[in-house]
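Chains as they are written, first to last, in full-length UniProt numbering: chain A, 1 to 446; chain B, 1 to 333. Ideal Cβ positions, reconstructed from N, Cα and C, are used throughout, including at glycine. A quick write-up on the structure given underneath.
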Amino acid sequence: MGRKLLTEHINVEGIDTLEVYRKHGGYRSVEKALKTMTPDEVVEEVKKSGLRGRGGAGFPTGMKWSFLAKPEGVPRYLVCNADESEPGTFKDRQLMSKLPHLLVEGMITSSYALGANTSYIYIRGELLYVLRILEKAIAEAYAAGFLGKNILGSGYDLDLHVHPGGGAYICGEETALLESLEGKRGNPRNKPPFPAVQGLYARPTVVNNVESIAAVPVIVNDGGEEYAKIGVGRSTGTKLFSACGHLNKPGIYEIELGLPVEEFIYSDEYCGGIWKGRELKAVVAGGSSVPILPKELILKTAAGEPRLMSYESLSDGGFVTGTMLGSGGFIAMDETTCIVRNTWSFSRFYHHESCGQCSPCREGTGWLEKVLHRLEHGHGHMEDIDLLVSVAKQIEGNTICPLGEAAAWPVAAAVRHFRDEFEWHVTHAKEAAQPGAVYQGKAVLA
Amino acid sequence: MAKITFDGIEVEVPDGTTILNAARQIGGSIVPPAMCYYTPLKGSGGKCRACLVRVAAGSTKDPRPMPKLVASCVTPVQDGMVVENTKSEQVLDVRKGIVEMLLINHPLDCPVCDQAGECSLQDFAFEHGVSTTRYREERRTFEKIDIGPLIQLHMTRCILCYRCVYTADQISEGGRVHGVLGRGDAAEIGTYIENIIDNDFSGNVIDVCPVGALTDKTFRFKQRVWFTKPVNAHRDCPKCAGNVTLWYKGKDVLRVTARKDQYGEVKEWICNECRFDKKETADWTIEGPAHIERSSVISANHYELPVLNQSVIADLPESTQRDLEKNPPLKLG
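Here is the structure:
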């Protein structure tokens with residue numbers, strides 16, 4: 001059994017109440033930080049822990065905190081990005097609904113470290129029930145003196161607000177989130193300036209994912225060095241994976257980073273293997289935006305090493321034979337999955353969610369979706385396959401925000417690893433267009 | 001001050017200058033194209049991605065190249081920065097892609113479009129586009145919308161550069177009625193419940209539109225722009241500076257626009273009275289022919305006398321030198 005740092009008490013009855021949460025060691029990090037540590041010491045602990053952003057990009061959290069500009073007399077903000085909405089990723093929702101006080105505690109400790117006196121949790125609008133759970137937890141924290149003026153007599157003040165967004169995927173992009181939080185249309189901003197210099201209301205701001213902030217109390221309580229001992233290499237600590245798709249036991253699992261992918265999929269402790277005794281065909285390891293890998297490459301790297309659930313191992317081989325850990329949205333697909341149909345489905349999502357601000361993403365995401373729609377429905381041409389790759393390349397890296405990459409990577413990777421399946425959709429168009437039709441050939445290794 | 005090398009040419013610019021504006025100080029054909037950036041409009045730029053350049057070295061302090069191409073119109077220079085524009089295959093390749101993307105829905109109706117001849121997309125496509133398209137899908141179309149009695153919105157041609165939105169927000173009075181509706185490729189320029197834009201400076205949205213999406217209803221289909229003669233003129237206007245360009249056909253003033261610089265950006269905003277109501281020569285004090293870039297199709301009629309650099313005459317073929325002696329240019333630079 002791997003250690004569980006965040007979700008150890010997730011199934012304790014009443015853990016969403018302050019009373020039960022405190023009985024299980026809740027708010028210790030606030031007391032420790034505010035009474036015995038300086039803000040810089042807290043930042044230092046987070047740096048030592050090696051914690052990396054759990055929202056998808058994997059940027060070292062402590063380093064991000066140390067970039068925060070600290071001009072005198074200017075307010076700073078901490079914003080929690082709870083706008084989780086990547087297809088396949090649903091771990092923050094669970095964390096917030098079951099352990100709301102863990103996030104509130106993390107927000108207080110992190111805000112103290114950053115010198116923020118006002119902080120926000122920007123939550124996806126559809127998660128109204130979670131919003132209410134968080135509001136209740138925040139009210140309890142205010143009543144207990146963990147929020148408000150002069151917290152625990154330390155002289156530190158903090159106000160925490162939950163802000164529901166409008167339910168647009170793009171509002172999970174940090175600068176679009178800030179625009180939305182300011183009450184504007186959620187369009188991403190050009191960078192630079194980065195939020196650490198000019199963020200919310202043009203003030204220095206740190207935007208962190210729910211899971212990253214939830215890890216801060218553990219780091220403060222146990223020390224950064226202890227946290228860094230868990231995991232493998234630069235992938236320290238534990239990580240929540242939301243496993244879905246054709247698995248016997250889909251669900252949310254907290255694992256120590258470094259667990260072999262094969263063990264995660266097939267062991268009874270985790271996903272319990274592929275449902276109905278079928279063969280695994282492919283996996284999207286970090287949410288729908290990361291490149292898909294065929295079975296052969298997700299279980300082992302191109303060099304034949306076991307693939308591990310870590311930032312480095314999953315990205316081993318770059319995008320030619322590797323992928324990304326991303327947000328931890330682990331989607332397994334069995335042999336009955338049509339990759340073209342699946343890619344079209346992802347593409348439809350990104351087309352729908354593009355904000356439309358910059359030309360490559362606005363026009364390119366729609367183009368990709370339409371070509372994939374044609375291929376899937378038996379109206380494709382052989383040159384469409386290279387066209388997909390070319391359009392994806394025109395989008396990738398040329399847009400204001402990473403939504404362009406999120407739309408381009410799945411398409412480019414699907415063609416890279418399953419080209420013969422795309423070709424079959426052209427050569428056997430009628431057959432492929434039938435509902436449930438799946439190519440029976442083997443995936444081609446890059 | 002920051003020193004940057006742009007396509008091998010060194011230029012020194014004040015800190016905070018964008019890469020695009022640094023390139024404009026060098027001038028000529030190496031200046032990246034800009035469809036959405038517009039100097040007088042705060043917040044414009046970064047959207048069309050036409051001006052992407054490669055930063056081969058970030059600064060003297062950190063000479064690493066930037067991982068992605070950057071939008072030169074919104075990226076400030078750093079001392080020691082090395083920028084590749086026309087010298088980068090990657091940049092030129094991306095521009096081809098951007099033209100292709102922009103032309104997915106923009107119709108090639110230049111023969112009937114009032115913007116033809118002064119269209120940024122036409123120039124951009126001419127320089128960076130390819131002659132074929134790979135797009136087989138249905139293109140989006142819209143009904144034309146009258147935004148008040150003077151301006152027509154032809155959304156089919158719009159490339160969503162947001163310039164008109166910034167113009168309406170920043171220089172017009174009376175609250176915001178105009179913006180972008182919808183997302184992704186369903187986004188469109190619209191007004192609040194088909195409201196009209198009826199303030200004194202609304203006509204400026206026509207001038208900032210880089211394509212033919214917003215057109216002057218008093219000029220529509222009257223004349224091709226290259227058959228008209230641009231003349232600078234001014235008048236005492238209580239609302240604006242009154243410095244304009246009159247576009248003549250014979251003795252008639254067909255159109256009045258703000259004066260623009262070589263990058264198509266207005267120098268001063270003009271009011272609707274100057275633009276739409278003052279179309280008699282008697283209303284104006286004429287200054288003389290407006291300067292039109294030689295590369296522009298409008299200059300085909302040579303309304304302005306050519307400026308010839310004296311030092312190059314010696315290098316010209318003898319026959320040309322003889323012609324010049326017989327018909328000397330009036331202006332020598």
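What's the gap between the Cα of residue i and the Cα of residue j?
i, j, result
"residue 12 of chain B", "residue 1 of chain B", "7 Å"
"residue 291 of chain A", "residue 326 of chain A", "10 Å"
"residue 334 of chain A", "residue 133 of chain A", "36 Å"
"residue 366 of chain A", "residue 416 of chain A", "20 Å"
"residue 157 of chain A", "residue 83 of chain A", "26 Å"
"residue 321 of chain A", "residue 301 of chain A", "7 Å"
"residue 177 of chain B", "residue 85 of chain B", "38 Å"
"residue 8 of chain B", "residue 20 of chain B", "15 Å"
"residue 348 of chain A", "residue 213 of chain B", "28 Å"
"residue 397 of chain A", "residue 54 of chain A", "22 Å"
"residue 266 of chain B", "residue 362 of chain A", "28 Å"
"residue 231 of chain B", "residue 294 of chain B", "16 Å"
"residue 242 of chain B", "residue 173 of chain B", "19 Å"
"residue 5 of chain B", "residue 393 of chain A", "28 Å"
"residue 125 of chain B", "residue 101 of chain B", "11 Å"
"residue 146 of chain A", "residue 152 of chain A", "7 Å"
"residue 108 of chain A", "residue 120 of chain A", "11 Å"
"residue 296 of chain B", "residue 28 of chain B", "13 Å"
"residue 277 of chain B", "residue 111 of chain B", "27 Å"
"residue 179 of chain B", "residue 169 of chain B", "9 Å"
"residue 246 of chain B", "residue 273 of chain B", "14 Å"
"residue 451 of chain A", "residue 350 of chain A", "Examination of residue 451 of chain A is not possible in this model, given that chain A is present from 1 through 446 alone."
"residue 291 of chain B", "residue 299 of chain B", "9 Å"
"residue 87 of chain A", "residue 27 of chain A", "32 Å"
"residue 225 of chain B", "residue 254 of chain B", "10 Å"
"residue 271 of chain B", "residue 3 of chain B", "40 Å"
How should residue i be labelled, buried or exposed, when 16 other C-beta atoms within 10 angstroms of its C-beta is the threshold for buried?
i, result
"residue 129 of chain A", "exposed"
"residue 259 of chain B", "buried"
"residue 324 of chain B", "exposed"
"residue 381 of chain A", "exposed"
"residue 154 of chain A", "exposed"
"residue 211 of chain A", "buried"
"residue 150 of chain A", "exposed"
"residue 422 of chain A", "buried"
"residue 182 of chain A", "exposed"
"residue 445 of chain A", "Note that residue 445 of chain A scores a pLDDT of 46, beneath 50, so its modelled location is shaky; the value from the coordinates is reported in the next line. With fewer than 16 other Cβ atoms within 10 Å, it is exposed."
"residue 202 of chain A", "exposed"
"residue 254 of chain A", "buried"
"residue 183 of chain B", "buried"
"residue 346 of chain A", "buried"
"residue 485 of chain A", "Since the first residue shown for chain A is 1 and the last is 446, residue 485 of chain A is missing from the structure and cannot be characterised."
"residue 137 of chain B", "exposed"
For the putative contact between residue i and residue j, defined by C-beta atoms under 8 Å, what is the C-beta separation to the nearest angstrom?
i, j, result
"residue 56 of chain B", "residue 67 of chain B", "With 8 Å as the limit, residue 56 of chain B and residue 67 of chain B do not qualify as a contact, their Cβ atoms being about 12 Å apart."
"residue 429 of chain A", "residue 339 of chain A", "Not a contact, Cβ separation roughly 16 Å."
"residue 65 of chain A", "residue 206 of chain A", "6 Å"
"residue 157 of chain B", "residue 128 of chain B", "No, residue 157 of chain B and residue 128 of chain B are not in contact; Cβ-Cβ is about 19 Å, not under 8 Å."
"residue 490 of chain A", "residue 286 of chain A", "Outside the displayed span of chain A (1 to 446) sits residue 490 of chain A, for which this structure offers no information."
Whole alpha helix (DSSP H) elements within the segment 91–172 of chain A, 4-residue minimum = Annotation note: the segment 91–172 of chain A contains the following uninterrupted alpha helix (DSSP H) runs of length 4 or greater, listed N- to C-terminal: 91–98, 100–114 and 128–143.
Let me know the beta strand (DSSP E) ranges lying completely inside the segment 225–276 of chain A, each 3 residues or longer, listed in chain order.
-> Listed in chain order, the beta strand (DSSP E) elements of length 3 or more contained wholly in the segment 225–276 of chain A are 238–245 and 251–256.
Three-pair Cβ contact test at 8 Å for the segment 51–69 of chain A versus the segment 157–165 of chain A | Touching, no.
Between the segment 38–47 of chain B and the segment 63–82 of chain B, do at least 3 Cβ pairs fall closer than 8 Å?
-> When Cβ pairs closer than 8 Å are counted between the two stretches, the segment 38–47 of chain B is seen to touch the segment 63–82 of chain B, the count reaching three or more.
Where are the beta strand (DSSP E) runs, 3 residues long or more, that stay fully inside the segment 261–302 of chain B, in chain order?
-> Within the segment 261–302 of chain B, the complete beta strand (DSSP E) segments at least 3 residues long are 285–289, listed from N- to C-terminus.
With contact counted as at least three CB pairs below 8 Å, one residue from each stretch, are the segment 263–276 of chain A and the segment 236–255 of chain A in contact?
-> Yes, the segment 263–276 of chain A touches the segment 236–255 of chain A.
Can you find at least 3 beta carbon pairs, one from the segment 14–21 of chain A and one from the segment 99–118 of chain A, that sit closer than 8 Å?
-> Contact holds: three or more Cβ-Cβ distances are below 8 Å.
Go through the segment 102–177 of chain B residue by residue and report every complete run of the alpha helix (DSSP H) that reaches 4 residues or more, in order.
-> Listed in chain order, the complete alpha helix (DSSP H) runs (minimum 4 residues) inside the segment 102–177 of chain B are 120–128 and 163–171.
Tell me, please, whether the segment 197–206 of chain B touches the segment 142–155 of chain B by the rule of three or more beta-carbon pairs shorter than 8 Å.
-> Output reads yes: the segment 142–155 of chain B touches the segment 197–206 of chain B.
What residue ranges within the UniProt domain "2Fe-2S ferredoxin-type" (2–89) of chain B form continuous alpha helix (DSSP H) runs of no fewer than 4 residues, ordered along the chain?
-> Annotation note: the UniProt domain "2Fe-2S ferredoxin-type" (2–89) of chain B contains the following uninterrupted alpha helix (DSSP H) runs of length 4 or greater, listed N- to C-terminal: 19–26.
Contact between the segment 401–417 of chain A and the segment 349–357 of chain A: three or more CB pairs below 8 Å?
-> Contact between the segment 401–417 of chain A and the segment 349–357 of chain A is present, because at least three Cβ pairs lie under 8 Å.
Going along the chain, which unbroken runs of the alpha helix (DSSP H) with 4 or more residues stay wholly within the segment 44–70 of chain A?
-> List check, alpha helix (DSSP H) in window: 61–66.
Give a yes or no on contact between the segment 129–146 of chain B and the segment 306–323 of chain A, applying the rule of three or more CB pairs nearer than 8 Å.
-> Pairwise C-beta distances place the segment 129–146 of chain B out of contact with the segment 306–323 of chain A, as fewer than three of them are shorter than 8 Å.
Count the CB pairs spanning the segment 1–10 of chain A and the segment 231–238 of chain A that are closer than 8 Å, and state whether there are at least three.
-> Yes, the segment 1–10 of chain A touches the segment 231–238 of chain A.
With contact counted as at least three CB pairs below 8 Å, one residue from each stretch, are the segment 46–61 of chain A and the segment 208–227 of chain A in contact?
-> Yes: the two stretches touch, three or more of their Cβ pairs being nearer than 8 Å.
For the segment 184–245 of chain B, list the beta strand (DSSP E) runs that are entirely contained and at least 3 residues long, ordered along the chain.
-> DSSP runs (the beta strand (DSSP E)) wholly in the segment 184–245 of chain B: 188–191, 214–216 and 229–234.
Which ranges would you report for the alpha helix (DSSP H) in the segment 279–356 of chain A if only whole runs of at least 4 residues count?
-> DSSP runs (the alpha helix (DSSP H)) wholly in the segment 279–356 of chain A: 295–299, 311–314, 318–321 and 339–353.
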